[in-house]
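The number in the numbering used here is simply the position in the sequence shown, starting from 1, with 28 added. Here the structure is laid out as structure tokens; the discussion comes afterwards.
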Amino acid sequence: MRVIDITHHVPPADVARGAAVLAQTAPHLPASVHVGVVDPGVGSDRRGIAIGTPGGVLVGPDNGLLVWAAEALGGIDSVVELTNKDWLLGDVSRTFHGRDVFSPAAARLALGAPLNDAGPAVDAGTIVRLPDPMVAVGDGWLEAEVVTVDRFGNVQLAAGGAMLSGLSPELVVGGVKARRAQTFADAQPGELIVYEDSAQRVAIAVNGGRAVVVLSVRPGDIVRVAER
């Protein structure tokens, strides 16, 4: 069995950011068992679940973290609640379900245990879903929610990259002059660019700098990209 550790850099308790990272990562892996733990509700009455999809299984809290990834993997086939005590790690901690619930369940699934052995079936319509990120488009402009900011300070928006095709090369982003580009090298050092990133989303960067600082934004903010 191969274990791939994706990231521990999701901001604490930021379920939407974790959901975005998981949804953008999972489709690039072979059919796998994916464990996601961004779980501010640990120890409460929120459920632990596993979601079966055409592209693999997702294991984690029922707080919306897994749903975008499930959709990216082909949609939800089935959902179960993780209640089988034989699948849990001893006395379950009230604050560490990543260790005591989700990881043991994922290990059993990765070794071939049937999903329905983990616990009872759950109506997929009852699981928690996050609201879709805000995206709007008009004549010569688009507005979209900041989904993620990477360690280089590049700002990723919820808008699909194809939305850039309707905009001219010369742009304004949050009052700052920018230009459409395909690579960072298309711009002069310090210049703000708008481009389609590797996840096919609209993103904003600075050649040799940090767009998040230039724009003073954070995940959840709304950014307007408009023609000059």
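In this text, a Cβ means the ideal position worked out from N, Cα and C, and glycines have one as well. The structure presented is a predicted model; accordingly, all values stated were derived computationally and were not measured.
- Considering only 229, 134 and 158, the residue with the shortest C-alpha distance to residue 176 is 229.
- Within the segment 77-154, the complete beta strand (DSSP E) segments at least 3 residues long are 84-89 and 106-109, listed from N- to C-terminus.
- Taking 8 Å as the upper bound for CB-CB distance, residue 139 and residue 129 are not in contact here, some 17 Å apart.
- Annotated three-state conformation of residue 52 is helix, per DSSP.
- The continuous alpha helix (DSSP H) containing residue 243 extends over residues 239-243.
- In the DSSP assignment, residue 168 is bridged to no other residue.
- Contact between the segment 206-221 and the segment 235-254 is present: 3 or more CB-CB pairs across the two stretches fall below 8 Å.
- In the three-state scheme derived from DSSP, where H, G and I count as helix and E and B as strand, residue 252 is classed as strand.
- In chain order, 92 and 95 place their CB closer than 7 Å to the CB of residue 157, counting only its own chain and leaving out the 5 sequence neighbours on each side.
- The segment 75-89 and the segment 100-112 touch, with three or more beta-carbon pairs separated by less than 8 Å.
- Cα atoms of residue 245 and residue 200: separation of roughly 15 Å, rounded to the nearest angstrom.
- Annotation: residue 122 to residue 222 spans about 44 Å, alpha carbon to alpha carbon.
- Straight across, the Cα-Cα distance linking residue 168 with residue 197 is about 11 Å.
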